Amino acid sequence: MAFDRRRIEPWEFEDFFDPRQFRRETCLFYEVRWGSSRNAWRSTARNTTRHAEVNFLERFAAERHFDKPVSCSITWFLSWSPCWECSRAIGAFLSQHPQVTLAIHVARLFHHEDEQNRQGLRDLLARGVTLQVMGDSEYAHCWRTFVNSPYGGEDHYPRYPSEFMKLYALELHCIILGLPPCLRILRRYQNKFTLFRLVPQNCHYQVIPHHNFLVVRGHFF
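Convert by adding 18 to the 1-based position in the sequence shown; the result is the number in my numbering.
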């Protein structure tokens, strides 16, 4: 994995963070603040042979000294949510460094129908990690902070259809509640088309208001 001090290019941002795309590689933007300081250490990371989250944690722990009881706040913006192995590594890191808090914003959910991945995300929440799907404000922040946008183009970040963000947010809500998946993502015609489809069951309707499932019933991309 590479830690990049530079900003990424606009086309890279769209390739990584468009919620309708499914690039296998993960991009991680991070902000680190110590104590009450308003200054943040910001950079980007990507995975190569190992996942970006694990490499970040190992390198961060090796380069930073935690012998002083100073609080540390870490914010991640991830193109994919952590897999169960990364969730376990994150949990171990937080157990070793109780002064660290972590907030994670994700563009997409990684293999969200896999029960191990779902449990891994629930374990993170149980450890106090904030976990949310990226919305318009997070996309705007990442564009202005981590992207080498053209001069005067800081406000011209990609406006992705809100339906996809709502679909992922609804599925994350199901994960948190321990419900089975309600979102199905199907690739068709040699992966040239993608179908996002809601398939709620009775158990979903019993605990989630019906209008939440009216976001979109099916959407091709």
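Where is the CB? At the ideal position from N, CA and C, for every residue including glycine. Everything numeric in this text was worked out from a predicted model, so none of it was measured.
CA-to-CA distance, residue j to residue i, given in whole angstroms
| i | j | result |
| --- | --- | --- |
| Y48 | W94 | 5 Å |
| V225 | L143 | 19 Å |
| A58 | G153 | 21 Å |
| P179 | R38 | 9 Å |
| T44 | R177 | 20 Å |
| H69 | I108 | 12 Å |
| D36 | Y223 | 29 Å |
| R77 | T62 | 13 Å |
| I122 | Y157 | 13 Å |
| L149 | P168 | 31 Å |
| Y175 | I26 | 13 Å |
| S155 | I203 | 25 Å |
| H228 | N65 | 39 Å |
| R145 | R82 | 22 Å |
| F73 | N230 | Correcting the residue identity first, residue 73 is Asn in this sequence and not Phe. Roughly 37 Å between the two C-alpha positions. |
| T52 | A79 | Thr is not the amino acid found at residue 52; the sequence shown has Trp there. W52 and A79: Cα-Cα distance of roughly 14 Å. |
| A110 | Q134 | 17 Å |
| S54 | S105 | 27 Å |
| L232 | D132 | 24 Å |
| E189 | F40 | 17 Å |
| R136 | G196 | 8 Å |
| D173 | W161 | 8 Å |
Beta-carbon proximity check, residue i vs residue j, cutoff 8 Å
| i | j | result |
| --- | --- | --- |
| S99 | L75 | no |
| T163 | R56 | no |
| M183 | V151 | yes |
| V124 | L96 | yes |
| G138 | C101 | yes |
| V165 | F34 | no |
| F214 | L201 | yes |
| C221 | P198 | yes |
| L46 | E71 | yes |
| Q117 | V88 | yes |
| H120 | V147 | Residue identity differs from the one stated: residue 120 is Leu in this sequence, not His. Going by C-beta atoms, L120 is nearer than 8 Å to V147. |
| I194 | R140 | yes |
DSSP-derived helix/strand/coil call for residue i
| i | result |
| --- | --- |
| V225 | helix |
| E49 | strand |
| W94 | strand |
| A187 | helix |
| R60 | strand |
| L213 | strand |
| G236 | With a pLDDT of 48 at G236, under the threshold of 50, the predicted position of this residue should be treated as unreliable, and no value is reported. |
| R25 | coil |
| L204 | strand |
| F34 | helix |
Unbroken beta strand (DSSP E) run spanning residue i, endpoints
| i | result |
| --- | --- |
| F242 | The structure shown does not extend to residue 242, since the chain is modelled only from 19 to 239, so the question has no answer here. |
| V72 | Counting along the chain, V72 falls outside any beta strand (DSSP E), though it belongs to the alpha helix (DSSP H) covering 70 to 81. |
| A125 | Per DSSP, A125 belongs to no beta strand (DSSP E) and is neither H nor E. |
Range covered by the alpha helix (DSSP H) that runs through residue i
| i | result |
| --- | --- |
| L112 | 102 to 114 |
Entirely enclosed alpha helix (DSSP H) segments - the segment 139 to 185, minimum 4 residues: Fully enclosed alpha helix (DSSP H) runs of 4 or longer: 154 to 164.
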